[in-house]
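In this text, residue positions in the sequence shown follow my numbering: the first is 2, and each later residue adds one. Below: the structure, in structure tokens.
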Amino acid sequence: MLLIAEVLKPQGIKGEVKVRNFLDGYADLARIKEIIINGKPAAVEKMRGDGQFAYVKIKGVDDRNAAEALRGASVYVDNSNRPPLAEGRYYVADIIGCKVVTEGGDELGFVKEILQHGSADVYIVAGRKPFMFALAGNVVTSFDITNKTITVDPSELKKVAVYED
Numbered sequence: 002m003l004l005i006a007e008v009l010k011p012q013g014i015k016g017e018v019k020v021r022n023f024l025d026g027y028a029d030l031a032r033i034k035e036i037i038i039n040g041k042p043a044a045v046e047k048m049r050g051d052g053q054f055a056y057v058k059i060k061g062v063d064d065r066n067a068a069e070a071l072r073g074a075s076v077y078v079d080n081s082n083r084p085p086l087a088e089g090r091y092y093v094a095d096i097i098g099c100k101v102v103t104e105g106g107d108e109l110g111f112v113k114e115i116l117q118h119g120s121a122d123v124y125i126v127a128g129r130k131p132f133m134f135a136l137a138g139n140v141v142t143s144f145d146i147t148n149k150t151i152t153v154d155p156s157e158l159k160k161v162a163v164y165e166d
């Protein structure tokens, strides 16, 4: 499952909820017609909004009280219904577990976690010598999601990697 939104609050009296969109834009969210909320599948009846926020009417949520019960809920979509991404973009879930190798073929470990706190994602790599690196500059030379492999340029990696003691 992919986390796509969070319910912020009820909107009006007819069961609509305001959500914070975690996808790239409203257009990606608007394509989704089946969601998972509170562990149960649900149909989206209608949606409006733009950018980071949207107003969603979920089938079976027909009044403000039912909408209020969803406040704070995480909204997921099944992996088979994930919106497609632009060329060169990847879901975090697809990167976690990828092997990290140098252009020379040396295996450095695997991506254990990705921190998203600022201008560049930070990859936490577990392996013989755990380290982290910012996804900046030309560190990564290729992502091969099909084969779960990320190739890095060793000279660029030296500039941004931080190793555990």
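The beta carbon of each residue, even a glycine, is placed where N, CA and C say it ideally should be.
Quick check on residue i: does DSSP put it in helix, strand or coil?
i    : result
A28  : helix
K19  : strand
E165 : coil
I36  : strand
K130 : coil
Which whole-angstrom value describes the C-beta separation of residue i and residue j, a residue pair presumed to lie in contact below a C-beta threshold of 8 Å?
i    : j    : result
V8   : G73  : 6 Å
V140 : F134 : 6 Å
G78  : L3   : In the sequence as displayed, the identity of residue 78 is Val instead of Gly. Indeed, because the Cβ distance is near 5 Å, the residues count as touching under 8 Å.
E35  : A68  : No, E35 and A68 are not in contact; Cβ-Cβ is about 19 Å, not under 8 Å.
D95  : I146 : 5 Å
A6   : V112 : Not really, about 25 Å apart at Cβ, beyond 8 Å.
D122 : P84  : With a Cβ gap of about 19 Å, D122 and P84 do not count as contacting.
What are the boundary residues of the beta strand (DSSP E) that residue i is part of?
i    : result
P11  : L3 to Q12
I146 : That residue, I146, is in no beta strand (DSSP E); it is neither H nor E in DSSP.
A137 : Element bounds for A137: n/a, residue is neither H nor E.
Going by DSSP, what residue range makes up the alpha helix (DSSP H) through residue i?
i    : result
K159 : P155 to V161
Quick one: is residue i near chain C, going by C-beta distance under 8 Å?
i   : result
Q12 : Protein chain content of the structure displayed is limited to a single chain, and chain C is not contained in it.
Less than 7 Å between the CB of residue i and some heavy atom of the ligand ADP, yes or no?
i    : result
K113 : The ligand ADP is absent from the structure shown, which contains no ligands of any kind.
Item to check | Every unbroken alpha helix (DSSP H) inside the stretch 43 to 125 [4 residues or more] | outcome: 65 to 69 and 93 to 96
Checklist entry - Would the stretch 47 to 63 and the stretch 113 to 122 be scored as touching if the rule is three or more Cβ pairs under 8 Å? => result no
Checklist entry - Any chance the stretch 88 to 103 sits against the stretch 147 to 160, with 3 or more Cβ pairs inside 8 Å? => result yes
Checklist entry - Quick check: the stretch 11 to 22 against the stretch 50 to 57, are there 3 or more CB pairs under 8 Å? => result yes
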